[in-house]
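Presented below is the structure to which this report refers.
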Amino acid sequence: MNDTRSQRAVVIGGGLAGITAALELADAGLGVTLVEGRPRLGGLAFSFRRGDLTVDNGQHVYLRCCTAYRWFLDRVDGAELAPVQARLDVPVLDVAHPGGPRLGRLRRDPLPVPLHLGRSLATYPHLSLAERASVGRAALALKKLDPADPALDDVDFATWLGRHGQSDRTIEALWDLVGVATLNATAPHASLGLAAMVFKTGLLSEAGAADIGWARVPLGELHDTLARKALESAGVRVDTRTKAESISRTENGSWRVELAGGTLEAEVVVLAVPQKETHDLLPEGALDEPDKLLGIGTAPILNVHVVYDRKVLKQPFFAALGSPVQWVFDRTDSSGFTGQGQYLAVSQSDAGDEIELPVAELRARYLPELEKLLPAARGAEILDFFVTRERTATFAPTPGVGRLRPSARTRADGLYLAGAWTATGWPATMEGAVRSGFSAAGAALSTLGRPHVHPLQEAA
Ligand SMILES: Cc1cc2nc3c(=O)[nH]c(=O)nc-3n(C[C@H](O)[C@H](O)[C@H](O)COP(=O)(O)OP(=O)(O)OC[C@H]3O[C@@H](n4cnc5c(N)ncnc54)[C@H](O)[C@@H]3O)c2cc1C
1 MNDTRSQRAV VIGGGLAGIT AALELADAGL GVTLVEGRPR LGGLAFSFRR GDLTVDNGQH
61 VYLRCCTAYR WFLDRVDGAE LAPVQARLDV PVLDVAHPGG PRLGRLRRDP LPVPLHLGRS
121 LATYPHLSLA ERASVGRAAL ALKKLDPADP ALDDVDFATW LGRHGQSDRT IEALWDLVGV
181 ATLNATAPHA SLGLAAMVFK TGLLSEAGAA DIGWARVPLG ELHDTLARKA LESAGVRVDT
241 RTKAESISRT ENGSWRVELA GGTLEAEVVV LAVPQKETHD LLPEGALDEP DKLLGIGTAP
301 ILNVHVVYDR KVLKQPFFAA LGSPVQWVFD RTDSSGFTGQ GQYLAVSQSD AGDEIELPVA
361 ELRARYLPEL EKLLPAARGA EILDFFVTRE RTATFAPTPG VGRLRPSART RADGLYLAGA
421 WTATGWPATM EGAVRSGFSA AGAALSTLGR PHVHPLQEAA
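Residue numbers for the sequence shown follow my numbering, beginning at 1 and rising by one.
Quick look at the structure:
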């Protein structure tokens, strides 16, 4: 048997993609070093301290169908800290309804697909009877689409919805309600292929597929503390505050990774950094058209954080219609807030128009909107108000982006790519990031002739 520990791998980037690749390579017996430029692991899904609060940079949710991210949670021993709701249940509050605010719910019944959503759709109050019927017809048409068909990537989701009889209201009150949060773009700016992936997998694959999961602890506990523990017990050396500056071939054919303050040599390098950084680090000839990576756009997400002096929201979360507010989450327990009151995070996807607005302007906009949605917030004292801005939260899921996303293998032996932005078939999600880590590690191990059982196949 080979002495596999002498086969060394360097994983660059300690987001979910890099952590996954490092775990997989170490589990297969390679000696792995993970280098991360920042002081912490977790990449785009992290936490920080603000006074007594531990704040997530942005609300992160996943669905029961996110099998790879669920594998990740299990692998770092964090599944119990980020459970999935027993059954899909999303309160949707429309404040623009002429008769006064009206609450609807998107929830499933314990029935097989597609009947599981039938009653919820039939009684969804934010659409007319004709609109509800049209949604059912469009869902059946969507079920026939193959998200992997490259032709779908050339079409925008709104055009397809229009062709399938969806009114502007149906798009706003249903398709975009889910689509903006999962794709980080409205229907006119989203690839039909990616939209089909989300809706088909989430709503039409299995009855429980869209049940929502979220961390009941700060993200940093899962993606940094527990991930680091799992990596270290797998034998991975984790070097944070260590930025990779260049990658080149050595004379003996292995790779040399220059770091700010050192050098590493390895047979395998997994580059698990964002697309722009990947472009800058890629050695000459590793991709046929490296500049394609620069064509992959980015999209921002804004979170508005409000601490009230009293409880203003009874539900763990809700979505809003007829308001600039998109989704609101109760963050009180998960942030460690111990005082009297409640901490809410307003999660605003596709936030290009607001991402640069000053805090005072966002405060003047969002506090009155929250009062409209939450009567108990009227008259409540604001103990804290702040915003987190992620300008490059996700890759932009625009039509045509599929042609730009590279697969894990490069033209350079021993060099692999990972990241939610690579060709996973998924939009920019934790699920996509973990899947990309599997792909990169799987490709590396197969080139080395090492057996590799894909964790999701193992689970199946
Ligand atoms: C506000 C917000 C909300 C989101 N909401 C959701 C959600 O609800 N559900 C969901 O599934 N997804 C959500 N996402 C998306 C999800 O967080 C990302 O898709 C995923 O975390 C990306 O992981 P990654 O490993 O591919 O990349 P990243 O997290 O970007 O990791 C790349 C890492 O590489 C490091 N790095 C870069 N250059 C170097 C270098 N030269 N040397 C060493 N290290 C380097 C970076 O510091 C970073 O840690 C959200 C993202 C944001 C920002």
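We put the beta carbon where it would ideally sit given N, CA and C, even for glycine.
Skipping 5 residues on each side, what residues in its chain have a beta carbon closer than 8 Å to that of residue 453?
In the sequence shown, the residue the question calls residue 453 occupies position 453. Hits under 8 Å: none found.
Rounded to whole angstroms, what is the Cα-Cα separation between residue 4 and residue 450?
Reading the sequence shown from its first residue, position 4 is the one you call residue 4. Reading the sequence shown from its first residue, position 450 is the one you call residue 450. Low per-residue confidence applies at residue 4: pLDDT is 40, beneath 50, and the placement is therefore not dependable, though the value from the model is reported in the following sentence. Their backbone Cα atoms lie some 9 Å apart in a straight line.
Sequence-distant residues of the same chain with beta carbon closer than 6 Å to residue 305, five excluded per side:
Position 305 of the sequence shown, counting from 1, holds the residue named residue 305. Cβ neighbours of residue 305 beyond the five flanking positions: 345, 386.
Smallest Cα separation from residue 92: which of 79, 440, 374, 425?
The sequence position of residue 92 within the sequence shown is 92, counting from 1. The candidate whose alpha carbon is nearest that of residue 92 is 374.
By Cβ distance below 6 Å, which residues in the same chain neighbour residue 16 in space, the five residues on each side in sequence not counted?
Here residue 16 corresponds to residue number 16 of the sequence shown, with the count starting at 1. 430, 433, 434, listed in sequence order.
Report buried or exposed for residue 19, applying the criterion of at least 16 other Cβ atoms within 10 angstroms of its Cβ.
Residue 19 sits at position 19 when you count from the first residue of the sequence shown. Looking at its Cβ environment, which holds 16 or more other Cβ atoms inside 10 Å, residue 19 is buried.
Residue 55 CB to nearest heavy atom of ligand 1 below 6 Å
Walking along the sequence shown from the start, residue 55 turns up at place 55. Incorrect: residue 55 has no Cβ contact closer than 6 Å to ligand 1.
Would you say the beta carbon of residue 216 comes nearer than 6 Å to a heavy atom of ligand 1?
Counting from 1 along the sequence shown, the entry for residue 216 is found at position 216. Flag unset: Cβ of residue 216 not near ligand 1.
When DSSP labels each residue in this structure, what does residue 171 get in the three-state scheme?
Translated into the one-based positions of the sequence shown, residue 171 becomes position 171. Looking at residue 171 - three-state DSSP - the assignment turns out to be helix.
So is residue 359 buried or exposed if we call it buried at 16+ other beta carbons inside 10 Å?
Residue 359 sits at position 359 when you count from the first residue of the sequence shown. So residue 359 counts as exposed.
So residue 325 and residue 369 are in contact, right, with Cβ under 8 Å, and what is the actual spacing, rounded?
Counted from its first residue, the sequence shown places residue 325 at position 325. Counted from its first residue, the sequence shown places residue 369 at position 369. Sure, about 5 Å apart at Cβ, within 8 Å.
Out of 100, 83, 60, 119, state which residue places its alpha-carbon closest to the alpha-carbon of residue 108.
As a first step, residue 108 must be located in the sequence shown, where it is residue number 108. It is 119.
Return yes when the C-beta of residue 62 is under 6 Å from any heavy atom of ligand 1, and no when it is not.
Residue numbering aside, residue 62 sits at position 62 when the sequence shown is read from its first letter. Within the cutoff, so yes.
Using the Cβ count rule (16 or more neighbours within 10 Å means buried), how would you classify residue 168?
For the purposes of this step, residue 168 is taken as the residue at position 168 of the sequence shown. Residue 168 comes out exposed.
What does DSSP give as the partner residues of residue 319 in its beta bridges?
The residue given as residue 319 occupies position 319 in the sequence shown. 92, 327, per the DSSP bridge assignment.
When DSSP labels each residue in this structure, what does residue 236 get in the three-state scheme?
What you label residue 236 is simply residue 236 of the sequence shown in a count that begins at 1. Coil at residue 236, not helix or strand.
How about residue 462 and residue 42: do their beta carbons lie closer than 7 Å?
Because the chain here runs from 1 to 460, residue 462 falls outside it and cannot be looked at.
Residue range of the alpha helix (DSSP H) that residue 180 falls in?
Locating residue 180 in the sequence shown gives position 180, where the first residue counts as 1. Where residue 180 is concerned, the enclosing alpha helix (DSSP H) stretches over 176 to 183.
Segment limits, alpha helix (DSSP H) that includes residue 426
Residue numbering aside, residue 426 sits at position 426 when the sequence shown is read from its first letter. It is not in any alpha helix (DSSP H) - residue 426 carries neither H nor E in the DSSP assignment.
Under 6 Å from any heavy atom of ligand 1, does the C-beta of residue 449 make it?
Position 449 of the sequence shown, counted from the first residue, corresponds to residue 449. Not under cutoff, so the answer is no.
State buried or exposed for residue 147, treating a residue as buried only when at least 16 other CB atoms are found within 10 Å of its CB.
In the sequence shown, the residue the question calls residue 147 occupies position 147. Buried is the call here.
Would you say the beta carbon of residue 331 is closer than 6 Å to some non-hydrogen atom of ligand 1?
Taking the sequence shown and counting its residues from 1, one reaches residue 331 at position 331. Result no, Cβ not under 6 Å from ligand 1.
On the criterion of 16 or more Cβ atoms from any shown chain inside 10 Å, does residue 422 qualify as buried, or is it exposed?
Counting from 1 along the sequence shown, the entry for residue 422 is found at position 422. Buried.
Assign residue 438 to one of three DSSP states: helix, strand, or coil.
Taking the sequence shown and counting its residues from 1, one reaches residue 438 at position 438. Helix, per DSSP.
Are the segment 208 to 218 and the segment 54 to 73 in contact at 8 Å, needing three or more beta carbon pairs?
yes
Between the alpha carbons of residue 255 and residue 290, how many angstroms are there, rounded?
For this step, residue 255 is matched to residue 255 along the sequence shown. For this step, residue 290 is matched to residue 290 along the sequence shown. The straight-line gap from Cα to Cα measures roughly 19 Å.
In whole angstroms, what is the alpha-carbon distance linking residue 476 and residue 173?
Outside the displayed range of the chain (1 to 460) lies residue 476, so it cannot be described from this structure.
Taking the alpha helix (DSSP H) that residue 187 belongs to, which residues open and close that run?
Start at 1 with the first residue of the sequence shown, and residue 187 comes out as number 187. Element bounds for residue 187: n/a, residue is neither H nor E.
In the DSSP assignment, find the unbroken alpha helix (DSSP H) run with residue 46 in it and report its ends.
Counting from one through the sequence shown, the residue named residue 46 turns up at place 46. Premise fails: residue 46 is in no alpha helix (DSSP H) and is neither H nor E.
Taking the CB atoms as reference points, tell me whether residue 57 and residue 388 lie closer together than 7 Å.
In the sequence shown, counting from the first residue as 1, residue 57 sits at position 57. In the sequence shown, counting from the first residue as 1, residue 388 sits at position 388. Result yes, Cβ atoms of residue 57 and residue 388 sit closer than 7 Å.
Can you give me the Cβ contacts of residue 470 inside the same chain, cut-off strictly under 7 Å, excluding the 5 residues immediately before and after it?
Nothing can be reported for residue 470: it is not among the residues displayed for the chain, which extend from 1 to 460.
Checking 7 Å against the spacing of the C-beta atoms, do residue 157 and residue 195 come in under that value?
If you number the sequence shown from 1, residue 157 lands on position 157. If you number the sequence shown from 1, residue 195 lands on position 195. Against a cut-off of 7 Å, the Cβ pair of residue 195 and residue 157 comes out as a contact.
Reducing DSSP to helix, strand and coil, say where residue 11 ends up.
Here residue 11 corresponds to residue number 11 of the sequence shown, with the count starting at 1. DSSP places residue 11 in strand when its eight states are reduced to three.
Compute every distance between the C-beta of residue 444 and the non-hydrogen atoms of ligand 1, then say whether any falls below 6 Å.
The residue given as residue 444 occupies position 444 in the sequence shown. Residue 444: no, Cβ never under 6 Å from ligand 1.
Which residues in the same chain have their Cβ closer than 7 Å to the Cβ of residue 2, if we skip the five residues on either side of it in sequence?
As a first step, residue 2 is located in the sequence shown; it is residue number 2 there, counting from the start. Residue placement at residue 2 cannot be trusted, given a pLDDT of 36 that sits under 50; the coordinates are not used to answer.
Alpha-carbon spacing of residue 9 relative to residue 269, whole angstroms
By one-based count along the sequence shown, residue 9 stands at place 9. By one-based count along the sequence shown, residue 269 stands at place 269. Cα to Cα, the separation comes out at about 6 Å.
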